[in-house]
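What follows is a set of notes on a single structure, which appears directly below.
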Amino acid sequence: MVDSHNSLTFIQAFEDTEKELKNNLPPWEKATFSEKLCIFVIKFIIFLPVIVVLLIISSAYTIYLAFYIIPLLTDNSNRPEVYFWHTDSEKTLAAIRAIIFIIFLTWNVFWLLISLYKASNTDPGNIPRTPDWEILLEDSSESSTEKVTIEKRKDGSQRTCNHCQLRKPDRCHHCKQCDRCVLKMDHHCNWIANCVGNNNYKYFFLVVFYGAVSLILFVSTFWESVVVCLCDDSNSEAFVLFIVTVYILVLLLSIILVAFMFFHIWLMWNNFSTIEFCEKKRAKSSNFDKSPYSQGVYNNFKESLGNNPLMWFFPFFYEKSKDSGLFFNTKKY
Ligand SMILES: [Zn+2]
Ligand SMILES: [Zn+2]
């Protein structure tokens, strides 16, 4: 408990220092050499988790190719006792399996990388700096935003952000790490070095989806290589340990990612954001199936993944209207 408190304090202190440094640094074009170095280090630290994700993807893909696909395609008749395929027809089946699996894995990894790029590089959504959203000194109860917002402070007043000096639309939250308000904010994700919000949620979900499917394929097939590796006496202990460790790590990662994928499917099904889910949990509300924004399951998925269901699993076709993320329909269906 003390440890987790200390690490939280450390993370908070690191974030504060990082924010302070960022605020004090000039834009890249006007920066001196030492300031440019500082900007580079900050950017590197922010993108470090993304680099870790890319390293995990490339390592897992290479290991799968080298220690599962290639042995399936190779004629291993010199050591038949450790392999599952012996006859010609079994060898042909093994080769067909290998080709199908590697095409399927490559397809998933390809869309995973595109989704990761788009999730990381798409602006999650800003509050426009227009009079409707700016905090005015005089009473602004006539503002159009008053008529559509349903989220209020406890005292019944309009939600505003003191950092950005703007009125907050429904479902909008200020992200401490990005130091800005984000429309329909889901959460800040260090693994994509970006906030997940109104305009990039689909890309984030597809990262999780393609990651989970790739890991399921890895775990459900690579066990054959683990068994072969354990049965083959000619393998060194270090190699056996390496293959077994890789399999256990991928297995653990797949359990986490598959659970995370189903959690996000549940959130989309019920039209909750992660923040809204956590707020309900904190308030100890048992009303988890009722979001005021829910428009029915099909419309909820359309809101999160786009209007065309045939394109739900591709990181494109996610056009958002101009006021998307500012106003939400609360009419019940
Ligand atoms: Zn803000
Ligand atoms: Zn953020």
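With the UniProt record's numbering applied, the sequence shown corresponds to residues 1 to 333, in that order.
The C-beta atom is built at its ideal place from N, Cα and C for all residues, glycine as well.
Fair warning: this is a prediction, and the values are worked out from it, not measured in the lab.
DSSP links His187 through a beta bridge to Val196. Taking 8 Å as the cut-off, the beta carbon of Lys320 is found closer than this to the beta carbon of Asn198. Distance between Val244 and Phe209, taken at the CA atoms: about 25 Å. Judged by their CB atoms, Leu215 and Pro315 are not nearer to each other than the 8 Å cut-off.
Every unbroken stretch of the beta strand (DSSP E) spanning 3 or more residues and falling wholly within the UniProt domain "Palmitoyltransferase DHHC" (157 to 280) is given here in chain order: 173 to 175, 180 to 182, 187 to 189, 194 to 196. Burial check for Gly325: the Cβ neighbour count within 10 Å reaches 16 or more, so the residue is buried. Under the three-state reduction of DSSP output, Lys43 falls in the helix class. Annotation for Tyr201: Asp186, Ser304 place their beta carbon closer than 7 Å to its own, counting only its chain and skipping 5 residues before and after. In the structure shown, the three-state DSSP call for Glu134 is strand.
Taken atom to atom, the span from the alpha-carbon of Leu166 to that of Cys178 is near 16 Å.
Counting every other CB atom within 10 Å of its CB across the protein chains shown gives Ile256 a total below 16, marking it as exposed.
Short note on Arg282: C-beta not closer than 7 Å to any heavy atom of ligand 1. Under the three-state reduction of DSSP, Lys322 is assigned to coil, being neither helix nor strand. Near ligand 2, residues with a Cβ at less than 5 Å from any of the ligand's heavy atoms are Cys175, Gln177, Cys178, His188, Cys195; the list follows chain order.
No Cβ-Cβ contact shorter than 8 Å links Cys231 with Val240.
Annotation for Arg171 indicates a beta carbon at 7 Å or more from all heavy atoms of ligand 1. In the structure shown, the three-state DSSP call for Lys91 is helix. By the Cβ-count criterion, Leu55 is exposed, with fewer than 16 other Cβ atoms from all chains shown falling within 10 Å of its own Cβ. Judged by DSSP in its simplified three-state form, Lys30 adopts helix.
For Lys302, the enclosing alpha helix (DSSP H) starts and ends at 297 to 305. In this structure, ligand 1 has no non-hydrogen atom nearer than 7 Å to the beta-carbon of Arg159. The C-alpha of Asp233 is placed about 48 Å away from the C-alpha of Val41.
For Lys152, the three-state secondary structure derived from DSSP is strand. Set against 7 Å, the gap from the CB of His163 to the closest heavy atom of ligand 1 is smaller.
Distances taken from the Cβ of Arg180 to the heavy atoms of ligand 1 include one shorter than 7 Å. Trp111 carries a helical assignment under DSSP once its states are collapsed to helix, strand and coil. About 5 Å separates the Cβ atoms of Asn108 and Val213, confirming a contact at the 8 Å cut-off. Assignment of Leu65 by DSSP, reduced to helix, strand and coil, places it in the helix class.
Ranked by Cα distance from Leu183, the options Leu25, Phe328, Phe47 are led by Phe328.
Per the C-alpha coordinates, the member of Tyr298, Lys284, Tyr247, Ala283 positioned closest to Asn271 is Tyr298.
Residue state for Lys290 is assigned as coil, using DSSP reduced to three classes. Between Ile192 and Ser254, the CB-CB gap reaches or exceeds 8 Å. The beta carbons of Ile127 and Cys181 sit about 5 Å from each other, so the pair counts as a contact at 8 Å.
Rounded to whole angstroms, Asn235 and Ile63 show a C-alpha spacing of 16 Å. Taking the Cβ atoms as the reference, Ser225 lies roughly 5 Å from Phe67, within the contact range of under 8 Å.
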